[in-house]
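Asker:
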């Protein structure tokens with residue numbers, strides 16, 4: 001490896017993008033990127049004449065010198081190749097985005113071996129014992145065998161064979177075959193560069209759509225499980241997160257991806273053939289035992305990739321040739337749930353057709369059972385919520401494609417959930433909320449707005465003073481001589497040490513004027529009964545207890561479902577979020593009520609919080625409207641307009657308001673100065689009044705002007721005409737500009753934006769189903785796991801004898817095309833079943849044959865009679881060896 005380390009700068013420079021002076025490199029002198037090179041004419045000559053001597057001589061003299069050990073190859077540490085890849089990536093990135101390789105490479109045992117001698121075979125045997133022989137098929141090997149020297153590679157890290165296959169003409173293909181026959185180690189020589197790392201000749205032949213070349217490479221020992229980790233074949237949203245580790249060959253990336261990118265074809269040759277829709281190449285690779293269930297760095301198998309690229313015919317072929325539907329990727333997505341996540345309706349329905357079992361058919365009516373393991377949002381074993389289920393992914397999807405998936409099976413499943421538990425739970429929740437809301441509003445509306453502590457008809461000592469002489473004397477001493485019903489606010493500041501007086505009147509600390517809300521003796525009727533205070537005294541404790549109970553339930557839900565799942569569900573309901581906020585606000589009102597005697601600020605803050613709580617609580621009614629067909633879309637329109645159109649509008653609107661408000665503030669300040677100068681010099685008052693004394697007041701005036709109220713401001717501008725004509729004219733000009741840009745242009749733009757949003761949602765007929773589905777899943781989240789399992793039993797049936805595996809049964813009419821498809825699927829299942837039985841029988845016969853052979857060898861029986869009769873058996877029929 002010492003030679004490799006010393007040549008790293010040359011390797012990095014050789015792995016840059018193809019440049020115009022590429023013919024200087026030795027590789028491109030042999031075969032360049034423009035159809036020329038020294039070997040091409042002699043390849044044509046060989047093809048025409050059949051004389052290979054000249055070409056063989058050129059390969060011996062001009063090609064062999066660039067091969068390790070004369071074409072025998074060289075085993076290299078993967079960590080060294082990863083370092084080269086990392087250096088090339090960092091050379092293309094800015095200084096702030098560069099990432100150093102993670103991990104430790106460990107000792108390189110190859111440094112102590114001379115691979116040019118006759119002991120290369122012994123080295124490979126040793127490596128096979130250590131980590132599998134450096135094959136790298138699954139990316140776990142720490143060693144890799146290369147044939148073409150690293151320092152002599154092309155612009156994309158390719159060798160001579162890779163250069164030939166990049167051209168893919170007939171003569172280049174013939175030369176590639178000649179190279180493989182002459183130097184067999186070239187067949188698995190990969191590209192060494194950031195964009196194309198791991199690209200093998202087999203990958204190239206598949207990309208070239210050349211089944212004949214694929215067949216040739218497979219016959220000559222091409223690695224069918226070689227992985228291509230290049231950035232060019234990586235999802236677009238993962239390219240920025242690519243990082244290396246010296247401990248393995250694959251690339252570390254952020255697994256949160258949407259799998260965007262037309263060139264994301266997986267990493268294996270089989271997935272390349274599938275994604276490029278080449279059935280012949282796919283069948284050739286499967287015939288060579290290429291595994292369709294092997295997963296790439298993202299955990300995607302062939303079926304996952306076919307879902308991403310929406311290749312239904314190839315998906316059908318891959319499934320028939322052994323690909324499995326149950327494999328999950330790194331995001332815990334099966335092909336079915338990936339189709340749901342990406343909104344691929346065609347693929348989703350195709351996979352459902354593969355997974356379902358047809359129970360019975362009668363005419364054109366078919367009864368099908370769909371396994372709920374990956375479809376339903378309830379886990380069949382534990383009753384926990386499955387956020388990676390198809391139903392959850394479709395419901396919380398944001399595109400129009402997800403809306404299309406809510407039709408058919410998903411709609412039937414939601415309807416059964418609605419009947420099983422959601423309908424009753426929603427009505428119960430609505431009734432409970434209405435009761436809470438009435439109590440909460442009653443407590444709020446009966447808050448005192450004065451500090452009258454006695455009923456108006458109790459004003460003489462005979463009726464009231466006899467019962468409370470001390471209090472009445474203090475009231476009487478503070479009453480106004482002209483109005484017997486009025487009294488001083490401090491009349492009750494001094495009382496006994498008890499906390500409550502007559503009919504809930506506060507005493508002591510809570511008797512202060514600042515503790516107004518502790519006075520429940522307000523709202524008395526003519527008979528002297530305190531209706532308002534009594535109602536508030538009853539409703540406020542009930543409200544607090546109800547709030548504590550609801551918050552306790554929320555904490556239980558968070559603990560049960562996890563905070564991420566809880567917030568993901570709750571964030572889809574703005575009205576529900578505001579309602580939870582109102583509950584928290586009510587709790588925070590308690591310390592401010594208790595601290596009323598400390599400062600008047602506590603009373604003001606409590607009033608503000610009470611107003612906020614009432615508003616947020618009232619908006620919660622919108623939550624119950626979302627699932628209704630005739631109201632739900634309009635509720636969504638309000639949310640979309642506020643969160644989208646109005647946010648964008650107020651950003652632009654704020655820029656204009658801030659700019660124009662400060663300009664008007666300066667103009668009015670100048671007019672005010674000119675007004676006082678004119679008044680002091682001439683004594684004439686022009687009637688000007690500065691209505692924009694402060695910058696914030698100027699901004700508020702601009703907002704009022706945009707609503708059409710501008711007479712006061714324009715009148716003052718006219719009044720400024722006498723003292724400062726120039727500023728008045730400038731102000732009128734700014735007024736005209738403001739009205740044109742803000743009042744006319746921006747407000748009409750907002751109206752147009754809201755109209756567009758309205759039309760988009762109104763044209764979507766399925767939007768109400770999504771809102772309905774979200775409400776159902778929200779109610780489902782509030783259930784206990786045991787209750788979810790009970791609800792699951794109501795709309796599902798067991799699969800076979802296993803009661804824990806459930807299926808959803810659907811009966812519907814089928815079309816002629818569906819009938820043909822179902823017939824083909826049944827035949828395919830029967831063929832697969834027969835094939836499995838045949839393979840099982842072969843394995844059993846092989847086991848029996850092996851046992852017989854072993855018995856013969858151990859007993860040295862060669863007698864033909866023994867061969868015909870078989871080994872001896874005991875009374876139970878067991879073979880004696």
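Numbering (the UniProt record's numbering), first residue to last: 1 to 881. For every residue, glycine included, the Cβ atom is placed at its ideal position computed from N, Cα and C.
(1) In whole angstroms, give me the CA-to-CA distance for residue 453 and residue 443.
(2) Which residues bound the alpha helix (DSSP H) around residue 707?
(3) So, for residue 620: in the same chain, excluding its five sequence neighbours on each side, which residues have a beta-carbon less than 6 Å away from its beta-carbon?
(4) In three-state terms, what does DSSP make of residue 631?
(5) Relative to the alpha-carbon of residue 767, which residue among 727, 635, 690 and 706 has its alpha-carbon at the smallest distance?
(6) Give the straight-line distance between the Cα atoms of residue 9 and residue 246, rounded to the nearest whole angstrom.
(7) So, with DSSP's three-state summary, where would you put residue 811?
(8) Nearest to residue 254 by CA position, among 262, 265, 264 and 239, is which residue?
(9) So, are the CB atoms of residue 158 and residue 199 less than 9 Å apart?
(10) What number of angstroms, rounded off, separates the C-alpha of residue 433 from the C-alpha of residue 569?
(11) Please name the residue or residues paired with residue 77 in a DSSP beta bridge.
(12) In this structure, what does DSSP give as the bridge partners for residue 361?
(13) Which of the three DSSP states is assigned to residue 485 in this structure?
(14) Report yes if the C-beta distance between residue 269 and residue 307 is below 9 Å; otherwise report no.
(15) What is the DSSP secondary structure of residue 805, reduced to helix, strand or coil?
(16) Classify residue 756 as buried or exposed, calling it buried when 16 or more other Cβ atoms lie within 10 Å of its own Cβ.
(17) Could you have a look at residue 567 and say whether DSSP puts it in helix, strand or coil?
(18) Skipping 5 residues on each side, what residues in its chain have a beta carbon closer than 7 Å to that of residue 183?
(19) Measuring alpha carbon to alpha carbon, tell me which residue in 690, 703 and 734 is nearest residue 720.
(20) Once you ignore the five residues that flank residue 692 on each side, which residues in its own chain have a CB closer than 7 Å to its CB?
(21) Around the C-beta of residue 832, are 16 or more other C-beta atoms found within 10 angstroms, so that it is buried, or is it exposed?
(22) Do you know how far the Cα of residue 583 is from the Cα of residue 551?
(23) Between 581, 212, 562 and 175, which lies nearest to residue 882 when the distance is taken from Cα to Cα?
(24) Let me know if residue 567 comes out buried or exposed under the rule of 16 or more other beta-carbons within 10 Å of its beta-carbon.
(25) Measure the C-alpha to C-alpha separation of residue 474 and residue 610 and round it to an integer number of angstroms.
(26) Within a Cβ cutoff of 7 Å, which residues of the same chain sit near residue 712, ignoring the five residues on either side of it in sequence?
(27) Counting only the same chain and skipping the five closest in sequence on each side, list residues whose C-beta sits under 7 Å from that of residue 788.
(28) On the CB-based measure, 16 or more other CB atoms within 10 Å of its CB, does residue 206 come out buried or exposed?
(29) At 4 residues or longer, and completely inside the segment 382-430: list those alpha helix (DSSP H) runs for me, N to C.
(30) At which residues does the beta strand (DSSP E) containing residue 797 begin and terminate?
(31) Identify the residues that DSSP records as bridge partners of residue 883: which are they?
(32) Using DSSP with H/G/I as helix, E/B as strand and the rest coil, what is residue 148?
(33) Roughly how many angstroms lie between the CA atoms of residue 494 and residue 516, to the nearest whole one?
(34) Provide the residue span of the alpha helix (DSSP H) that contains residue 607, from first to last.
(35) Please report the residue range of the alpha helix (DSSP H) in which residue 313 lies.
(36) Using the C-alpha atoms, what's the distance from residue 51 back to residue 45?
Answerer: In terms of the structure at hand:
(1) Model confidence at residue 453 stands at a pLDDT of 44, short of 50, so the residue's coordinates are unreliable; what they give is reported in the following sentence. For residue 453 and residue 443, the distance between alpha carbons rounds to 18 Å.
(2) Per DSSP, residue 707 belongs to no alpha helix (DSSP H) and is neither H nor E.
(3) 575 and 579
(4) coil
(5) 635
(6) Residue placement at residue 9 is poorly supported in this model, since its pLDDT is 39, which falls under 50; the coordinates still yield a value, given next. Residue 9 and residue 246: Cα-Cα distance of roughly 19 Å.
(7) strand
(8) 239
(9) yes
(10) 19 Å
(11) 143
(12) 366
(13) With a pLDDT of 42 at residue 485, under the threshold of 50, the modelled position of that residue is not reliable, and no figure is offered here.
(14) no
(15) strand
(16) exposed
(17) helix
(18) 67, 71 and 147
(19) 690
(20) 664, 665, 668, 698 and 701
(21) exposed
(22) 7 Å
(23) Shown here, the chain extends from 1 to 881; a query on residue 882 therefore has no answer.
(24) exposed
(25) With a pLDDT of 42 at residue 474, under the threshold of 50, the modelled position of this residue cannot be trusted, and the question is left open.
(26) 691
(27) 378, 383 and 780
(28) buried
(29) 390-395, 400-405 and 409-417
(30) 797-799
(31) Nothing about residue 883 can be read from this structure; the chain reaches only from 1 to 881.
(32) strand
(33) Reliability fails at residue 494, whose pLDDT of 39 lies under 50, so the model's placement of it is uncertain and the value that follows must be treated cautiously. Their backbone Cα atoms lie some 15 Å apart in a straight line.
(34) 600-619
(35) 312-320
(36) 8 Å
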